[in-house]
Structure formats: C-alpha cells, structure tokens
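What follows is one structure encoded as structure tokens, with my remarks underneath.
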Amino acid sequence: MEHTKQIIAWELLLVFVFSSLLLIQSAEENNLAVITGRAVASPTKSSVLAEIENAIPKADFLDDISDMSACLIVSMSSTTKYSYELVKVDGVAAVTESSSEMCKGVQNEDFIVRYISYDALKSHLENPNFNRMKLEADGTYLFVYPSKYIEQGMTISDPAEFKQKFGALLNNYFTQQEIKTMLSPKTAEEREPSSVMSYLFYFIIGTVVAVVLIIGFILTQSKKPEIKENLELAAYIKSSLAQGYQEEQVRQALLQSGWNPKSVDDAFKSMNSANSAAPAQKQQNIGIA
Numbered sequence: 652m653e654h655t656k657q658i659i660a661w662e663l664l665l666v667f668v669f670s671s672l673l674l675i676q677s678a679e680e681n682n683l684a685v686i687t688g689r690a691v692a693s694p695t696k697s698s699v700l701a702e703i704e705n706a707i708p709k710a711d712f713l714d715d716i717s718d719m720s721a722c723l724i725v726s727m728s729s730t731t732k733y734s735y736e737l738v739k740v741d742g743v744a745a746v747t748e749s750s751s752e753m754c755k756g757v758q759n760e761d762f763i764v765r766y767i768s769y770d771a772l773k774s775h776l777e778n779p780n781f782n783r784m785k786l787e788a789d790g791t792y793l794f795v796y797p798s799k800y801i802e803q804g805m806t807i808s809d810p811a812e813f814k815q816k817f818g819a820l821l822n823n824y825f826t827q828q829e830i831k832t833m834l835s836p837k838t839a840e841e842r843e844p845s846s847v848m849s850y851l852f853y854f855i856i857g858t859v860v861a862v863v864l865i866i867g868f869i870l871t872q873s874k875k876p877e878i879k880e881n882l883e884l885a886a887y888i889k890s891s892l893a894q895g896y897q898e899e900q901v902r903q904a905l906l907q908s909g910w911n912p913k914s915v916d917d918a919f920k921s922m923n924s925a926n927s928a929a930p931a932q933k934q935q936n937i938g939i940a
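Residue numbering for the sequence shown follows the numbering used here, beginning at 652 and increasing consecutively.
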C-alpha cells in the first residue's frame, strides 16, 4: 500500500512539472513576462506612439526640418506591424496611428521606413542622436522603401526639391562633398547602388527618425483603392526597368519592400503581355498598308 502511494505521488509530481512547462511556453509565445508572476502584455500601438512622443525632448536636430511627411512601420512580430503617419508642416509637428501599412502610399510619403523590430525602434528613441544614427546605418535596424523622393538603388528622384526641403539638415550633418555626391544624378548613375546607399542611408535614417519623434495631430488617411495601388506598382516597375534594372532585381526589391507576391507577379505578367502584343500589332498594321 505504501509503495502504491509513492507511485501516485511521483505521477502527480510529473503532471505538475509538465503542466508548469506548458504554461511557461505558452506565456513566452504570447510575449508575457512570467518571471515576476504577473502577465505583462506586449506594447500596444498606442503605447508605442506615446514612447515616440516622449522621446521628442531628446532630439536637438528637429529644428532643421520644417516640412516632411513620412510613414514609419514597426514589425512587432512576424504577423503584426504598427504604422504611424509622421508629419511636420510649417514647423508644426504631428504623429498619429495609421490604419494603412504604407500610410498615404508610395507616391505621397517623402520616406517610408520599416523597423525590423520594436527593440530596434526603441534603441533609437532612447538616444535620438543624429551622428549615432549615421554610425548605425548598416541596414540591420531598418529598411528604407521606395517613396516620393527615394527610387530603386537609393537614388533621389528630384535633387533640387530634395535639397530645398532638407538643405538645413544636409548642411549641418554632411560635408559639401557628401551632399554633392548624394544630389548629383550623374554620380548616382555611375556609382553602384551599394555605394550610393552608404551616403543616402545615413541621411534617411536621421530624417525619418527625426519625424518619428514629432508630436501633434493629423488625420489618418484611409487605405488606397486597389486599382490605384496596381497603377502605382505598374508605373514603378516600368520606371525601374527603364533605368536599366533587371526584372528580377525589381521583383526582389518590391518583395523586400512588403508588396504582395501575387500583385507583383500579376503586374509583371500584364506588362509582359502588353509588350509581346505590341510587335504583333505593328506587324499587322504593316500588312494592311
């Protein structure tokens, strides 16, 4: 009888141990802190926004930016992303949550940036020093997507307007040679995209994070209609191919920028069909003549 009681006791102990392990694993998967015995949920979209606002006093370089619009995307997990609309108009700053991942879209945002994790964003918010951001511009913290001013290969689409809007920041944090290299279309075409990135990446991280630290009010833009998004995608592909980039390079850049694989494939198929139909139509017209 005593032996039977010992067996039952060991079985109960094993059940308790396995149950505890399962609870701990479940808590970790749901991003809960179980060490203190209290469950702490992962940061909400509103709490991250509050962190951005609270970091503003630490950023001394915000006065160099008068007008800017940018979209900040934070990857909280493999399935969850938070987006924020970041704006400064006539010196008045604003930051709000956005319901659309790309905020106002590729053609309307000066910059679109995605942080690879919440910790990556937090490290910059804790120390928003522009020179430090330049040193950390190695691509491991964030991705810069194509946008209003930034094209494939990290080139600038409108150097004159770009310099007019962000000239103060350029003059305060970059040498004249760096500025000339960044804003020269000829230089950008002759250099490899990776070399252009070494200059542009420094600037973009600073300017975008500067806007991340802005506080205020702005209306959240609704998601763009699908048809408009498809037209923008087709226009971007056509522009990139015209600049000499290979189809596969453009495809990979779009996928890394967060575009839906099916949308990208459909856009290429549509463009290739149109290109193959053009010679046939031309030949038919010659036959009629």
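Note that CB positions come from ideal geometry on N, CA and C, so glycine has one too.
Own chain residues within Cβ distance below 7 Å of residue i, not counting five before or after
i	result
residue 768	726
residue 869	Any reading at residue 869 is ruled out, since the residue's pLDDT is 49, under 50, leaving its predicted position unreliable.
residue 754	722, 734, 736, 760, 872
residue 780	none
residue 673	Only weak support is given to the placement of residue 673: the predicted model assigns it a pLDDT of 46, under 50, and the value that follows is read from those uncertain coordinates. Same-chain partners within the cutoff: there are none.
residue 809	800
residue 776	702, 703, 706
residue 740	718
residue 627	Nothing in the structure corresponds to residue 627, since the chain is present only between 652 and 940.
Chain-order list of residues whose beta-carbon lies under 8 Å from that of residue i (same chain, five-residue window excluded)
i	result
residue 700	735, 746, 747, 748
residue 823	712, 715
residue 884	905, 910, 914, 915, 918
residue 778	709
residue 841	Confidence is the limiting factor: at residue 841 the pLDDT is only 49, short of 50, which leaves the residue's position unreliable, though a coordinate-based value still follows. Around residue 841: no qualifying Cβ.
residue 816	717, 718, 719, 761
Residues near residue i in its chain [Cβ-Cβ closer than 6 Å; skip 5 each side]
i	result
residue 771	792
residue 897	none
residue 835	none
residue 802	808
Per DSSP, cross-strand counterpart(s) of residue i
i	result
residue 765	724, 794
residue 806	802
residue 739	719, 744
residue 732	726
residue 835	Its beta-bridge partners do not exist; DSSP assigns none.
residue 749	734
Given residue i as reference, the closest of the options once Cα atoms are compared
i	options	result
residue 881	818, 775, 912	912
residue 728	827, 696, 921, 775	696
residue 910	756, 777, 773	756
residue 731	896, 795, 751	751
residue 743	758, 762, 896, 720	720
residue 774	900, 826, 795, 702	702
residue 790	891, 922, 907	907
residue 922	886, 821, 797	886
residue 795	717, 924, 763, 724	763
residue 944	831, 821, 698, 758	What the structure shows of the chain is the stretch from 652 to 940, and residue 944 is not part of that stretch, so it cannot be assessed.
residue 629	765, 889, 821	Nothing in the structure corresponds to residue 629, since the chain is present only between 652 and 940.
Chain D contact for residue i (CB, 9 Å cutoff)
i	result
residue 730	Within the model displayed, chain D is absent; a lone protein chain is all it includes.
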